[in-house]
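Residue numbers (my numbering), protein chains in the order written: chain U, 182 to 610; chain Y, 182 to 610; chain P, 182 to 610. Single-structure report; data block below.
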C-alpha cells in the first residue's frame with residue numbers, strides 16, 4: 182500500500198516479508214504426512230503466518246449481542262493488530278485499527294465499552310463512531326482532518342456473527358456470507374445472548390489446534406461425552422453396519438420432520454464433514470447433522486439445557502455446524518450454541534475463547550443453569566487443549582519424523598495442509 | 182579500546198556494532214512526526230541504544246546521602262553493565278564495574294551496603310575502596326596486581342547528585358556541572374535524606390517515557406494535580422490572557438522577592454522549558470519556575486509537607502527543575518525534592534525509580550508524613566506510566582502511522598528526536 | 182543420518198549446524214584464563230552445545246531403583262529431546278524418543294509410571310516395551326509397522342547407574358563402564374533406593390556449574406560443612422605440613438584396613454582429583470578418598486546417618502567419588518550416596534537434580550531421618566548454585582575480562598575447557 186507523506190491513505194497492509202527460507206521449509210512437508218516440527222516452532226514462519234494469513238483472511242471477532250446499540254464497542258487483538266468493532270447509529274458494524282493517528286496510543290485499552298466518540302486517552306484527539314477525526318486541539322489549523330481518520334478494518338455481520346479483516350483487499354465474502362446466513366438463520370445467533378465466556382491459553386501452535394479440530398480420529402478415547410452424542414467417531418469406511426443403519430434411519434426421519442421447516446441434514450455420513458475442500462480453496466463450511474437418538478442437545482445427558490433458540494419450533498433439529506478458517510467453529514443445538522474463536526499468541530501458544538450463547542430472553546436461573554449448560558463443551562475443549570499441548574512438546578524434538586496420515590480418518594488434516602500452503606503462498610497484498 | 186593480552190587496560194567500551202540496518206530504520210523517521218513503531222520494538226536497535234547512548238552518556242545514579250561515609254556503596258545496573266558506587270575515605274565518590282577481575286563474578290549482589298574492602302564472594306579476591314587488588318590467595322606470586330584492579334567507571338558528584346558514565350571517554354561534564362551546581366545549590370540536595378523510594382516497571386520503551394516527559398500537551402486530562410500547581414499546561418501561544426497576566430505578575434513579584442537570595446525565575450513563560458536544544462546538542466537543563474498562587478509546594482493542596490530544605494529562607498521559591506538525558510529529572514519545591522531515574526530493561530520496558538528527598542534533619546512523624554509528601558508525584562508518575570504502556574501497545578501495530586507533532590505543544594519531542602538521532606549516530610567510542 | 186522417504190530409519194541425530202561464527206568465538210578464549218562472557222550467554226552457541234555435546238555424549242539419566250520392574254519407566258528431557266527409559270521383561274533397560282511416530286505427540290507426559298505398552302494419548306498408536314509398533318487402528322493395512330517403531334535412544338546400566346545417549350553413534354562406553362562398575366560395585370547403587378529428590382533451577386549456564394564443581398578454591402569460605410569432612414580445600418602445593426602428615430597417615434591406615442576388602446585410596450593427595458584429563462580426552466572418573474578423622478560419613482557431624490550400603494562391612498570406607506561429563510557426579514559415603522544430575526535449560530539456566538540414596542532395606546524413621554541425611558549436600562549444593570548465579574550476572578557484562586586461573590587450584594577448570602573445546606569441535610555426527 183502506498184502511504185502519502187503525511188501519513189494518510191488507505192488502511193495499511195503488512196509488507197510482504199523477505200522470507201527467503203520459506204521455500205526450503207515448505208519443501209520439507211510431504212503431502213499425506215504430518216507437518217515437520219519447524220512449522221510449529223519457527224518464529225519467522227509464525228510472523229509470516231500473521232502477515233499472510235491472520236492479517237489477510239476473515240476472522241470471527243464477536244457476536245451481535247456484544248454490540249447492543251450505537252457506540253457499543255469491543256476490542257479484538259490479533260498479533261500486533263488491535264481492532265475496535267463499534268456499532269454505528271444505523272445499526273451496522275464498523276471496525277477500525279485501535280491506534281490513534283497522532284502518536285499511536287491505543288484508543289481503547291478495555292476489552293469492551295460504550296462511547297459517544299473515541300477520545301484518545303493521551304492527547305484527547307477525538308474520533309466519531311464513523312472513524313472521522315473530529316477534534317485535535319493545539320494542532321495547526323490547516324491540519325487535514327479527513328486524512329487523519331482512524332484507519333478502517335473491514336467488517337461484516339452475518340446472521341449475528343461479526344467478522345473482520347485487516348487486509349487492504351480482503352477475500353470475497355459473498356459466497357461464504359450467503360451460505361452462513363442461510364444455514365445460521367434458524368439458529369437465531371443475531372438475537373442470542375452470551376451466557377458465558379471462557380478464555381484459554383493453549384500451549385500449542387494454532388495449526389495444531391486446527392488439525393485437532395479437523396479430525397475425530399482422536400475422539401474415541403479423548404471425548405467420551407462428545408462421541409455419545411455424535412456420529413463423528415466413525416467414518417463411512419469404518420462404521421459398524423448396525424450403526425450405519427441407525428444413522429441412515431435417523432437421517433431419513435429427521436428429513437421427514439424437518440422438511441416443513443426448511444431444515445435439512447446436509448451431512449448424512451459418519452465422520453467429519455469434508456472441510457476445507459481437498460485443494461484448500463474453500464475456507465468456510467456449514468452443515469446440519471443428526472444427533473444420536475436420545476440426544477436433543479449437546480449436553481451431558483442429551484437433555485435440553487435452555488429454551489429453544491431462534492426459529493426452532495421444537496428440539497429435534499440436530500446440530501448446526503459452522504466453520505471458517507483460520508479461527509472459528511460453532512456447534513448449535515436447539516437450545517444453545519457454542520462458538521470457539523482462536524487467536525495465535527506466539528509460535529507455541531494460542532488463545533481460545535469459548536462462548537456459550539442462549540436465546541436473548543433466557544434468564545439464568547429460571548431458564549438455564551451454567552452447571553448443565555457448560556460441561557459438554559468445556560470438557561471437550563479442555564480435552565483438546567491438553568492433547569495439543571502434549572503434541573507441541575513432541576513435535577519440537579529433533580527426533581520427530583512426521584508420520585503418515587490416515588486417509589480414512591485424517592482427510593481433513595490433509596485438506597487443511599492444502600489450505601495452509603495456498604494461504605501462505607498467495608498473500609493477498 | 183585495546184585490551185592487553187593479560188586482560189588489563191583502561192575501562193572497556195562496547196565495541197561498535199555491525200548495524201547495517203540502522204540507516205534504513207533512521208530514514209523512516211520524518212522530522213516533525215512521531216517515531217515509527219520500529220524505534221520502540223526492534224531488539225537490535227535497543228542493543229545499539231544501550232551501547233551508544235546508555236553506555237556512553239552520563240547517567241544519574243544516586244544521591245549523596247545514599248553514600249553517607251567511607252565504604253558505603255550502592256549498585257546501579259544498566260543493561261548488562263553493573264556499577265558499584267562507593268564513598269572514598271577522602272569523601273569523594275568512585276565507581277567500578279561490579280565484576281571480579283578473576284572469573285567475572287559480581288562483587289556485590291545486594292543493592293547497597295557498607296564495606297572496608299570489596300571481597301569477591303567466589304574466591305575472595307579482595308579490592309580496596311580505590312579498586313586496587315589487595316589479595317588473591319593461591320595465585321602465582323608474579324601476578325601483576327596493579328593490572329588487575331577493578332575497572333573504573335567515571336563518576337561525578339554535583340550538588341548532591343551522583344552521575345556515572347560507562348564510557349572510556351565520557352562527554353564533557355564541565356558546562357553541565359557548572360549549571361547544575363549553581364542552580365541546585367540552594368535546594369541542598371547534598372544534605373538531603375531519602376524519605377521514600379518507589380520502583381516501577383513501565384511496560385514501554387524508554388523513549389516513550391522521555392517523550393511523555395518532554396511535553397505537557399497530555400497534562401490537561403491526565404494530570405489534574407500537576408496542572409493545578411503549575412503553568413505548564415499552557416504554552417505562550419495558547420495561554421488565556423488573564424492567565425498570562427497572572428503569570429507575568431507572579432514572575433515579577435517572585436523576582437522582587439528572590440533577588441536578595443540569588444534565586445531567579447529562569448523560565449517565565451508557560452509550557453515546558455525548551456529542552457533539549459532544538460538541534461539536540463544539549464543534554465542537560467535547569468531552571469526555576471513560579472508556582473500557581475496558593476501553592477508553596479508541589480503537594481496535593483499546595484501547602485508545605487516538610488521543613489524547608491537547603492538554604493531556602495522561606496517557602497516562596499517556586500520549583501527548581503533539573504534534567505539530564507537520557508535518564509534524570511528532578512522537581513524541587515521549598516520543602517522536598519522528587520527525582521526520577523529511568524533505566525531501560527528491554528525494548529518494551531523501562532524501570533523507573535522515584536525518590537522523595539527531604540532535609541537531612543527532618544524526622545518522619547514530627548516533621549513530615551508520607552501520606553502528604555508522596556501523592557502529588559506518585560499520582561503524576563503513575564498516570565504517565567499508564568499512558569506510556571498504552572502507547573507501547575499501539576505503536577507496535579503494523580497499522581500505526583506516525584502522526585504530526587504539534588509545533589505549539591510538542592516542540593520538545595522534536596528536540597528529543599534530534600538529540601536521539603545525534604546520540605545514536607555519533608558513538609563516543 | 183539418512184532418513185527414508187517414509188520417515189523410518191535409524192535414530193535421528195541433529196544435523197550439523199551452520200555455525201560460521203564458532204571459530205571467532207572460540208578464538209577469544211585464551212588457555213589458562215576464564216572463558217569470555219559470550220560462552221555463557223550466546224543463544225546460538227547454546228543450541229550448538231545441545232547438538233554437539235548434550236545430544237552426543239553419555240548422560241546420566243536415572244538410577245536402577247527408579248525402574249523396579251518390567252514396564253516401569255521414567256522420562257528424561259534434555260533441550261528439545263525427551264527420552265523414555267523403560268525396564269524390559271529381561272531386566273535390561275531400553276530407551277526411546279518420547280515421540281509418537283504418527284503425529285509427534287509425547288507418548289508419556291508424566292515423569293514416571295508403569296505400563297504394559299506405550300499408548301499414544303492422541304490416537305492410541307500402541308508400542309511394545311521393545312519400542313515396536315503393535316497397533317495403529319484406521320491406518321492402511323499395508324502400513325509397514327516395523328518401520329514405525331519408536332526411535333531408539335542408547336542406554337547403558339552400570340552398577341545401578343543408567344546412562345543414555347541421543348547420538349546415532351555414541352562414544353565408546355567400554356573403558357568408562359569397566360572403571361565405574363569396578364569402583365561403584367561396593368557402594369551397592371544397584372540395590373539402593375531413592376530417599377529424597379531435590380530439583381533446582383540454577384540461574385547460570387551449565388558450564389559455570391561444572392567449572393564450579395571442578396575446583397575447591399572456593400570451598401574455604403563457601404562450604405564450611407564440606408571442608409570439615411574433606412581434604413579438598415588444600416592442594417599438594419599449599420597443604421600445611423601437619424595436615425599433609427595427617428593425610429598421609431590417614432591414607433596409610435585406610436589402606437591397611439581396606440586391603441582385605443578390595444577397597445583402595447585412589448586419590449591420596451589433597452585437592453580435587455585431576456579430571457578431566459589435561460587434554461580433555463577423558464570424560465569419566467572414579468576414585469576413593471579418605472575422610473577427615475572423626476568423619477565416617479558426609480554428614481553434618483560426621484556420624485553415620487543411615488545403615489551401611491552395598492557390600493561395605495564397616496563404616497570406614499572414605500568417600501567414593503564418580504563423575505561423568507557433561508552432567509553427573511556422585512559422592513558415596515558408607516551409608517548413603519548423593520547424585521547430582523545437570524540438565525541445561527537455556528543459555529543462562531541449568532536444572533539440577535540432587536538425589537539421596539540409601540540401602541534398599543533402610544526404612545525412613547527407624548533407619549534414617551531426612552533431617553540428618555539431607556543437610557550436608559543440600560547446603561553444599563545450594564551454596565554452589567548461589568555462587569554460579571552471581572557469576573552469571575557478572576560475566577554478561579561488556580566490562581568482564583576473563584582473568585587468570587590459578588595453576589595450583591584451578592587446574593581442573595583448565596582441563597574442563599580442553600574437554601569442552603574438544604567436544605564442541607568434534608561432533609560425532
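Built from N, CA and C at the ideal position, the CB exists for glycine as well.
Proximity of residue 276(Y) and residue 264(Y) at Cβ, strictly below 7 Å: Residue numbering aside, residue 276(Y) sits at position 95 when the second chain is read from its first letter. Residue numbering aside, residue 264(Y) sits at position 83 when the second chain is read from its first letter. Yes, they are a contact pair.
Beta carbon of residue 469(P) nearer than 7 Å to that of residue 446(P): Residue 469(P) sits at position 288 when you count from the first residue of the third chain. Residue 446(P) sits at position 265 when you count from the first residue of the third chain. Contact flag set, yes.
Segment contact flag, the region 311-323 of chain P with the region 558-568 of chain U, C-beta cutoff 8 Å, min 3 pairs: no
Boundaries of the alpha helix (DSSP H) in which residue 427(P) is found, first to last residue: As a first step, residue 427(P) must be located in the third chain, where it is residue number 246. Segment 422-440, the alpha helix (DSSP H) holding residue 427(P).
Residue 351(Y) to residue 531(P) span [Cα, whole Å]: Taking the second chain and counting its residues from 1, the one referred to as residue 351(Y) is at position 170. Taking the third chain and counting its residues from 1, the one referred to as residue 531(P) is at position 350. Answer to the nearest angstrom: the Cα atoms are 38 Å apart.
Exposure of residue 202(U), with buried meaning 16 or more beta-carbon neighbours within 10 Å: To locate residue 202(U), count along the first chain from 1; it is residue 21. Residue 202(U) comes out exposed.
Chain-ordered neighbours of residue 613(U) on chain Y, where CB pairs are closer than 9 Å: Residue 613(U) is absent from the model: chain U starts at 182 and stops at 610.
Residue 519(P) - DSSP class collapsed to helix/strand/coil: Translated into positions along the third chain, residue 519(P) becomes position 338. Strand.
8 Å CB neighbourhood of residue 210(P) in its chain, flanking five on each side removed: For this step, residue 210(P) is matched to residue 29 along the third chain. The answer, listed in chain order, is 216, 217, 220, 583, 598 and 602.
According to DSSP, residues forming a beta bridge with residue 510(U): In the first chain, counting from the first residue as 1, residue 510(U) sits at position 329. Residue 510(U) is bridged to 504(U) and 521(U).
Same chain, Cβ closer than 6 Å to residue 183(Y), five either side skipped, listed in chain order: Locating residue 183(Y) in the second chain gives position 2, counting from the first residue. Unreliable positioning characterises residue 183(Y) in this predicted model, as indicated by a pLDDT of 29, which lies under 50. The coordinate reading is nonetheless provided below. Result list for residue 183(Y): empty, nothing under 6 Å.
Contact set for residue 189(Y): own chain, Cβ-Cβ below 7 Å, skip 5 residues either direction: As a first step, residue 189(Y) must be located in the second chain, where it is residue number 8. With a pLDDT of 33 at residue 189(Y), under the threshold of 50, the modelled position of this residue cannot be trusted; read the value that follows with caution. Excluding positions up to five away in sequence, the list reads 328 and 329.
Chain-order list of residues whose beta-carbon lies under 6 Å from that of residue 195(U) (same chain, five-residue window excluded): Along the first chain, read from residue 1 onward, the residue named residue 195(U) stands at position 14. Here residue 195(U) scores only 36 on pLDDT, less than 50, and its place in the model should not be relied on; the value that follows carries that caveat. Counting only Cβ-Cβ distances below 6 Å, and skipping sequence neighbours, we find 232 and 236.
Identity of the residues DSSP links to residue 537(P) by a beta bridge: Locating residue 537(P) in the third chain gives position 356, counting from the first residue. 377(P) and 519(P), per the DSSP bridge assignment.
Cutoff 7 Å: residue 315(P) Cβ touching any chain U Cβ: Residue numbering aside, residue 315(P) sits at position 134 when the third chain is read from its first letter. Taking Cβ atoms only, chain U never reaches closer than 7 Å to residue 315(P), which makes this a no.
Buried or exposed by the 16-neighbour rule on C-beta atoms within 10 Å, applied to residue 596(U): Here residue 596(U) corresponds to residue number 415 of the first chain, with the count starting at 1. Flag for residue 596(U) reads buried.
Residue 272(U) classed as buried or exposed, judged by whether at least 16 other C-beta atoms fall within 10 angstroms: By one-based count along the first chain, residue 272(U) stands at place 91. By the 10 Å Cβ count, residue 272(U) comes out exposed.
Rounded separation between residue 503(U) and residue 360(U) - CA only: Here residue 503(U) is taken as the residue at index 322 of the first chain, counted from 1. Here residue 360(U) is taken as the residue at index 179 of the first chain, counted from 1. If I take the Cα positions, the gap works out to 10 Å.
Euclidean distance between Cα positions of residue 514(U) and residue 407(U): The residue labelled residue 514(U) in the question sits at position 333 within the first chain. The residue labelled residue 407(U) in the question sits at position 226 within the first chain. In a straight line, the C-alpha of residue 514(U) is about 13 Å away from that of residue 407(U).
Contact test: residue 261(P) Cβ vs the ligand FAD heavy atom, cutoff 6 Å: The model on display carries no ligand, and the ligand FAD is accordingly not part of it.
Under the three-state DSSP convention, the category residue 329(U) falls into: Residue numbering aside, residue 329(U) sits at position 148 when the first chain is read from its first letter. In the structure shown, residue 329(U) sits in a helix (DSSP, three-state: H, G or I).
Interface partners of residue 280(U) on chain Y, CB under 7 Å: Position 99 of the first chain, counting from 1, holds the residue named residue 280(U). Going along chain Y in sequence order, the residues near residue 280(U) (Cβ under 7 Å) are 575, 578, 580 and 581.
Any C-beta of chain Y under 7 Å from that of residue 328(U): Counted from its first residue, the first chain places residue 328(U) at position 147. It does not; no Cβ of chain Y falls within 7 Å.
Segment limits, beta strand (DSSP E) that includes residue 344(Y): Here residue 344(Y) is taken as the residue at index 163 of the second chain, counted from 1. Per DSSP, residue 344(Y) belongs to the beta strand (DSSP E) from 342-346.
Selection from 241(P), 521(P) and 489(P) that minimises the alpha carbon distance to residue 380(P): On the third chain, position 199 is the one that residue 380(P) refers to. It is 521(P) whose Cα lies nearest to the Cα of residue 380(P).
Buried or exposed by the 16-neighbour rule on C-beta atoms within 10 Å, applied to residue 212(Y): Within the second chain, numbered from 1, the residue matching residue 212(Y) stands at position 31. Exposed.
Inter-residue CB distance, residue 181(P) and residue 569(P) (contact presumed, cutoff 8 Å): No information on residue 181(P) is available, as it lies outside the stretch 182 to 610 that chain P covers here.
Local conformation of residue 402(U) per DSSP, three classes: Indexing the first chain from 1 puts residue 402(U) at position 221. It is helical.
Residues from the region 391-406 of chain Y in contact with chain U, defined by Cβ distance under 9 Å: 392, 393, 396, 398, 399, 401, 402 and 403
Stretch pair the region 570-582 of chain P + the region 487-505 of chain P: three plus CB contacts closer than 8 Å: no
Element boundaries [alpha helix (DSSP H), containing residue 362(U)]: Taking the first chain and counting its residues from 1, one reaches residue 362(U) at position 181. Run containing residue 362(U): 355-365, per the alpha helix (DSSP H) assignment.
CB contact below 7 Å: residue 568(Y) versus chain U: If you number the second chain from 1, residue 568(Y) lands on position 387. It does: the Cβ of residue 568(Y) has a partner Cβ on chain U nearer than 7 Å.
DSSP-derived helix/strand/coil call for residue 606(Y): Here residue 606(Y) refers to the residue found at position 425 when the second chain is read from its first residue. Helix at residue 606(Y).
Own chain, CB closer than 7 Å to residue 486(Y), minus 5 neighbours either side, in chain order: Reading the second chain from its first residue, position 305 is the one you call residue 486(Y). 478, 480, 516, 517, 549, 553 and 554.
Contact list for residue 215(P) against chain Y, beta-carbon separation under 8 Å: Translated into positions along the third chain, residue 215(P) becomes position 34. The answer, in chain order, is 283, 284 and 285.
Chain P within 7 Å of residue 290(Y), Cβ atoms only: Counting from 1 along the second chain, the entry for residue 290(Y) is found at position 109. Judged by the 7 Å Cβ criterion, residue 290(Y) is in contact with chain P.
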